[in-house]
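**Q** Residue numbers (this note's numbering), protein chains in the order written: chain A, 139 to 390; chain B, 242 to 1282. This is the structure I want to talk about, given as structure tokens.
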């Protein structure tokens, strides 16, 4: 795989600094549906490019991808805006897809892994759009205290964020578990880096949730998620769990 | 450099003044109910609530939605609301086209949320345009200068400098500082919870902390700055002056500044303030700390943190912040909006980026955009709120037709009304509560009795006594009285096996008499389980053993947990059998004469000498003769040159003999000086006969019981039992300083049963029948069990009547539990049929023994009334456990002394309890203790939320809230006195503290004259009279004086 091909693919399976493009695009999309489509399509384009070349990525891509992932995970710690947070987490998650495509037998299932990483982000994007509609922005601390004011919304939000940050038994968890187990015997340092990145996601997720869910109730008179919508989210999340387990079993 | 004494004293005086509004916090071992705004009682209630809200960042009233709920439930007097609105409207100039009264009633009764919120950007012309739906005028009067001045006032007027820095830069210094100060307080104030204590605590808080910081600066992230600041002066006062001067705070603002600093952690500050004033407090005496120490520590750390942040924050002093706001107003405003969470969400990201990137041009551009958007938002929001009220008042057209000037006056009027709205609701609620009380009182005298009651029972005035008194009276021929639970006898009590004194009286009093509890049983070996528990605790408290202990015997805790959780009644009863039982005891309560005291001192000295000889020379007891001991004692006291008997017995030389005698004097304290000290201490024990007569006389006369005594006179103290409950003592007797009231009952019973006392009481007008016998008893308010004590002293002639007495008490207990238990059920189970009496008793017992029960009883929740008068006044009325009932007969008190005593003690304690419940209900997070679920016991004297927080003052949510909504109805204490108005008025005027409480509206007072049936209520600075019969509602006030 040539450097040029790598850099082109690095636009879609984000590698710093070309990752700036994705985040800039995501941020500027006005309609809430467009970011969702972008989140689903963007990594798939990257994977298509990589898989179409039918060549293994060069060795330097893996540390670069890890560095990109770690950088964005670290930066996500300080973000308060949900749309930006999604962009940074997406970058951090998708950068690790380079490790998936470098993993030999795994490569064939890479689009499914990408889908498993992206779907929770899409759900979060949808929830973020709902918050923006209700409060003017989806942002930690503005208004905060969703657990009291919008308990159903808060509940769904918590589970979706858990899905994003690769909590068991969501698909991202199995992807991460596979990567760590795959890397541990051969390159322990990579496994250690992956575990560190995973930890940063959890931290970033906890900070985001602390700003949104915890604290005194804000936004009096704002409608909570309808029961139907809540069950819809639960259904999708359950399907994700099922898909994660099924995928893990299929791969093993 | 050391600060001159005069200036040090000035700083001390300022700190003392600054600490006045900080409420005391008593250790929770003996929970003292108190008014969290006690320091503001010199202000009228409404003003104090407003001041408290500013100082402690708390709410003083319920939300409008909650009051509207009470209105719908019929607990608010609507006519009183209308009268308040009418009075408000009448005091303002009319606004053409606006029926302000209709607007305000619509606002009060139908609108939720604040109608006129604080606005910084939108002006009246903007709102006027928004109301009409037209575009906003180009310049809404949002001048940069005005915003800057507003900002300076908001940030620098009273608050600490770091709060201003936090407000501008989002630095969180305040939170970091609070955490550091809490850690220091935890380490210093610990009362035995920690195994390792802070070194040098005996030198005081500031000195101990200073030493630690000086020696181990590397332990502290801010050590360098701290040591630099501390180098300025050795004294805490000097450090305070140095910090304040460095920060550039003007000296005339220091007191207010200190108050703000102390109020940040008012729980810890209140505890330090209390312990520095409690001279008898062991921990305070040994490890002194005061507010000056705390302030010096706090200010030092605050300045250190500011300096630390000073690397990236340009302004950390008052002049620098002022200059920053003046020169870069737009940035300062944006920063304040951003870090104060006041941002418009839609613009938040843009503002954040502008502030992060900097650049004057960019910031000013974003500021202009933001200002315009915020103006539109504020104006639109305000217009929408006005429209909502107008729609409910049927005045939408009128609103749209208003001129800008009229709209401004309307906004001003509504805003002003909303500021004082809480008081309007409160007074209307109180009016309804007063009406309810007065509708039930009976002024007719009781029918004459042909025989005395079977038994009389004196209960505490506590609201929980009302229920059981009612049921006891219904269970048979019982007469009950209400008296403060310490029965008018302030006691310093030394319990059997304890080495410290407990004050069993209201905290307002200091007892002079010491009572000892003694047993005639010999010393016993501790029960095996008790010893085992001691070993276990020691294993838990050392450094390494906990790891092994958990592995070795952790499973035992599992059994304990299962038992306590699944079968608490059975399991706890079984466990009690395993523990050592307290032996039967007597109270040493008669004054000792000189000979008796000498004899006791001699006996103690002899016992000590025997022990000393045994320990030092291993001499068996049979060889230590009385003569030998007498000789040693005389030698130690300097009356004999030596003790030849001992030398002969043991073959000692003269030097050894003299050495032992010297040790007896110095180590074992057998010397004249210590003997004198012992005699002085012994002089405090017990009560003289005159004192006993005085206490019994006062107690009985104060409740109007001077003749027709029954065969049994029960003195019922009360207390509560619960498991795993740090707030257990909050459920005990407030009049006994948060302890059980049994000891006071035993003391008064012993006094009143003495023939000599009874003989002398005749001269006081108290005629106790010869066969009358006072029996102490205890009312367990968690289970409603009534238990009799000291029955071994009961005359044999009374024993045959004991079964009947016990039956009556049992019936009352069961019925009381049956009435009470349904209110403790979860709301989801409220629809089930009420339990039978037996089932209710079992449920109450389980509540008292269940370690997972967060609400063993409601305690004093829902207290609302304080009735001072004959029992017959309210006997026919069920007050649902909401009234303090103090028996009183004004005809026995022509000089008002007894009434003044009731006002001074019980009423003030009642007011503290009432206010504690009031504020814990209206703002449980700020002035209450929040949920028990998050509580952790701290230092053995308080609780914190989580592992690090301010000490939680006030009452937990489980005591005053049910399902998150108020269970306690927050009202000021409605005090009803049965007496001629002049009699009551002069008594109130004579007690300065109560006069202030009444005049400032902390207590609502009603006086009912049984002779004229005239009812008078103190309202808005004067006595309002009701000429109608008392069964009519109180809103029908006819004339005022």
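The beta carbon of each residue, even a glycine, is placed where N, CA and C say it ideally should be.
Which residues, in chain order, does the stretch 581-607 of chain B contribute to contact with chain A at a C-beta distance below 7 Å?
**A** Residues passing the 7 Å Cβ filter: 582, 584, 585, 586, 587, 589 and 590.
**Q** With 8 Å as the threshold, decide whether the Cβ of residue 150(A) is near any Cβ in chain B.
**A** Not one chain B Cβ lies under 8 Å of residue 150(A).
**Q** On the three-state DSSP scale, how would you describe residue 154(A)?
**A** Coil at residue 154(A), not helix or strand.
**Q** Taking 8 Å as the CB-CB cut-off, is residue 142(A) touching chain B?
**A** Chain B, which has no Cβ nearer than 8 Å to the Cβ of residue 142(A), makes this no.
**Q** Have a look at residue 460(B) and residue 508(B) and give me their C-alpha separation to the nearest angstrom.
**A** With a pLDDT of 49 at residue 460(B), under the threshold of 50, the modelled position of that residue is not reliable, and the figure given next carries that caveat. Near 26 Å, if we compare the C-alpha coordinates of residue 508(B) and residue 460(B).
**Q** Buried or exposed: which applies to residue 862(B), given that a residue is buried once 16 or more other Cβ atoms fall within 10 Å of its Cβ?
**A** Classification of residue 862(B): exposed, given that the 10 Å Cβ count is below 16.
**Q** Taking the CB atoms as reference points, tell me whether residue 661(B) and residue 1128(B) lie closer together than 8 Å.
**A** Their beta carbons are not under 8 Å apart, which means residue 661(B) does not touch residue 1128(B) by this criterion.
**Q** What residues in its chain sit with their C-beta under 7 Å from that of residue 659(B), if we drop five residues either side in the sequence?
**A** Contacts found: 355, 356 and 357.
**Q** Can you find a C-beta in chain B that's less than 8 Å from the C-beta of residue 184(A)?
**A** It does not; no Cβ of chain B falls within 8 Å.
**Q** Give the residues from the stretch 264-281 of chain A that approach chain B closer than 7 Å (Cβ to any Cβ), ordered along the chain.
**A** Under the 7 Å Cβ criterion, the stretch 264-281 of chain A contributes 273, 274, 275, 277, 279 and 280.
**Q** Restricting to Cα atoms, I'd like to know which of 489(B), 944(B) and 979(B) is closest to residue 272(B).
**A** Closest option to residue 272(B), Cα to Cα, is 979(B).
**Q** Just the chain B side, please: which residues come within less than 8 Å of residue 362(A) by C-beta, in chain order?
**A** Residues of chain B passing the Cβ test: none, with the nearest at roughly 16 Å.
**Q** Within the same chain, show all residues whose beta-carbon is closer than 6 Å to that of residue 634(B), passing over the 5 residues directly before and after it, in chain order.
**A** Within the same chain, residue 634(B) has close Cβ partners 343, 344 and 347.
**Q** Give a yes or no on whether the C-beta atoms belonging to residue 1139(B) and residue 1235(B) are separated by under 8 Å.
**A** No.
**Q** Go through its chain and collect everything with a Cβ distance to residue 1007(B)'s Cβ below 6 Å, but skip five positions before and after it.
**A** Excluding positions up to five away in sequence, the list reads 938, 941 and 947.
**Q** Counting only beta-carbon atoms, is residue 219(A) nearer than 8 Å to chain B?
**A** It does; some Cβ of chain B falls within 8 Å.
**Q** Straight-line CA distance for residue 1063(B) to residue 1254(B)?
**A** Cα to Cα, residue 1063(B) sits roughly 37 Å from residue 1254(B).
**Q** So residue 562(B) and residue 396(B) are supposed to be a Cβ contact under 8 Å. How far apart are they, rounded?
**A** About 7 Å separates the two Cβ atoms, so the contact holds.
**Q** Should the stretch 857-872 of chain B be regarded as contacting the stretch 944-961 of chain B, the criterion being three or more beta carbon pairs within less than 8 Å?
**A** They do not touch, by the three-pair rule.
**Q** Taking residue 980(B) as part of the alpha helix (DSSP H), name the residues at either end of that continuous run.
**A** From DSSP, residue 980(B) is part of no alpha helix (DSSP H); its letter is neither H nor E.
**Q** So residue 367(B) packs on residue 620(B), CB below 8 Å; how close in whole Å?
**A** Confirmed, about 4 Å.
**Q** Can you tell me where the alpha helix (DSSP H) holding residue 906(B) begins and where it ends?
**A** It spans 895-907 - the alpha helix (DSSP H) in which residue 906(B) sits, taken as one unbroken run.
**Q** If the criterion is Cβ atoms closer than 8 Å, does the pair residue 1087(B) and residue 810(B) meet it?
**A** Yes, Cβ-Cβ distance for residue 1087(B) and residue 810(B) is below 8 Å.
**Q** Spell out the partners DSSP gives residue 1020(B) in its beta bridges.
**A** DSSP, once it has assigned bridges, lists 959(B) and 1027(B) as partnering residue 1020(B).
**Q** Residue 1180(B) bridges to which residues according to DSSP?
**A** DSSP lists no partner for residue 1180(B).
**Q** Mind checking which residues open and close the beta strand (DSSP E) that includes residue 754(B)?
**A** Here the beta strand (DSSP E) through residue 754(B) covers 754-760.
**Q** Alpha carbon to alpha carbon, how far is residue 483(B) from residue 728(B)? Give it in angstroms, no decimals.
**A** Computed Cα separation, rounded: 52 Å.
**Q** According to DSSP, simplified to helix, strand and coil, what is residue 273(B)?
**A** Coil, per DSSP.
**Q** Specify the secondary structure class of residue 249(A) as computed by DSSP and reduced to three states.
**A** In this structure, residue 249(A) counts as helix in the three-state DSSP scheme.
**Q** Using C-beta distances below 7 Å, list every residue in its chain close to residue 1089(B), excluding the 5 sequence neighbours before and after it, in chain order.
**A** Here the set comprises 962, 963, 1023, 1024 and 1097.
**Q** Which of helix, strand or coil does DSSP assign to residue 1210(B)?
**A** Three-state result, residue 1210(B): coil.
**Q** Do you know how far the Cα of residue 606(B) is from the Cα of residue 286(A)?
**A** Between residue 286(A) and residue 606(B), the C-alpha separation is close to 37 Å.
**Q** Which same chain residues, not among the five before or five after residue 1217(B), have their C-beta less than 6 Å away from its C-beta?
**A** 1108 and 1247, listed in sequence order.
**Q** Counting pairs of beta carbons, one from the stretch 293-308 of chain A and one from the stretch 340-352 of chain A, are three or more of them closer than 8 Å?
**A** The stretch 293-308 of chain A vs the stretch 340-352 of chain A: in contact.
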